[in-house]
Ligand code: SF4
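Numbering (our numbering), first residue to last: 17 to 139.
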């Protein structure tokens, strides 16, 4: 198991390079230009999380897939489980930007990240 390494802070566009070292039962973090970087580094080392962006199927829309994202970060070990759940979903067009397509999945919602109109019918 590694006892030191480097991370890039992704909280803001500055992208500080963080150096970390295991110290006792915790970690020492350096290179952060603000306190949020230390918090990011500790989370990344102990419970890494990600905003999940993906697509879900759409019925009757101008496109067959709708881009969605989680409204909060999800622990990395839960990402594949979330993908499986989203793979079971089919939403009906029209869909509005920000519309919830999956509510309260382990404490986060998944929302549409674009409008998706109905396909025009050719009667
Ligand atoms: S440590 Fe602070 S300043 Fe540096 S990238 Fe992270 S949030 Fe931005």
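From the three backbone atoms N, C-alpha and C, an ideal C-beta is built for every residue, glycine too.
Local conformation of residue 30 per DSSP, three classes: What you label residue 30 is simply residue 14 of the chain shown in a count that begins at 1. Coil.
Any non-hydrogen atom of the ligand SF4 closer than 7 Å to residue 67 Cβ: For the purposes of this step, residue 67 is taken as residue 51 along the chain shown, with counting starting at 1. Answer for residue 67: no, Cβ out of range of the ligand SF4.
Residues with C-beta closer than 5 Å to any heavy atom of the ligand SF4, in chain order: Per the Cβ criterion, the list is 25, 27, 28, 30, 32, 48, 49, 50, 52 and 53.
Residue 66 and residue 90 closer than 8 Å at C-beta: If you number the chain shown from 1, residue 66 lands on position 50. If you number the chain shown from 1, residue 90 lands on position 74. In contact: residue 66 and residue 90 (Cβ atoms closer than 8 Å).
Close beta carbons around residue 95, own chain, < 8 Å, minus the five adjacent residues each side: In the chain shown, counting from the first residue as 1, residue 95 sits at position 79. Once the five neighbours on either side are set aside, the close Cβ partners of residue 95 are 66 and 68.
For residue 85, the three-state DSSP class (helix, strand or coil): The residue given as residue 85 occupies position 69 in the chain shown. It is a strand residue.
Per DSSP, cross-strand counterpart(s) of residue 43: Position 27 of the chain shown holds residue 43. The bridge partners DSSP lists for residue 43 are 38.
Straight-line gap, residue 103 to residue 41 (C-alpha atoms, nearest Å): Sequence index remark: in the chain shown, residue 103 carries index 87 (1-based). Sequence index remark: in the chain shown, residue 41 carries index 25 (1-based). Roughly 39 Å separates the two Cα atoms.
For residue 21, the residue or residues it bridges with in DSSP: Here residue 21 refers to the residue found at position 5 of the chain shown. In DSSP, residue 21 forms a bridge with 36.
Close Cβ partners of residue 32 (< 6 Å) along its chain, the five nearest in sequence each way excluded: Here residue 32 corresponds to residue number 16 of the chain shown, with the count starting at 1. Here residue 32 has 25, 47, 48, 49 and 53 as same chain residues with Cβ atoms under 6 Å from its own Cβ, once five neighbours each way along the sequence are excluded.
Start-to-end residues for the beta strand (DSSP E) that takes in residue 70: By 1-based counting over the chain shown, the position of residue 70 is 54. From DSSP, the beta strand (DSSP E) with residue 70 extends over 69-75.
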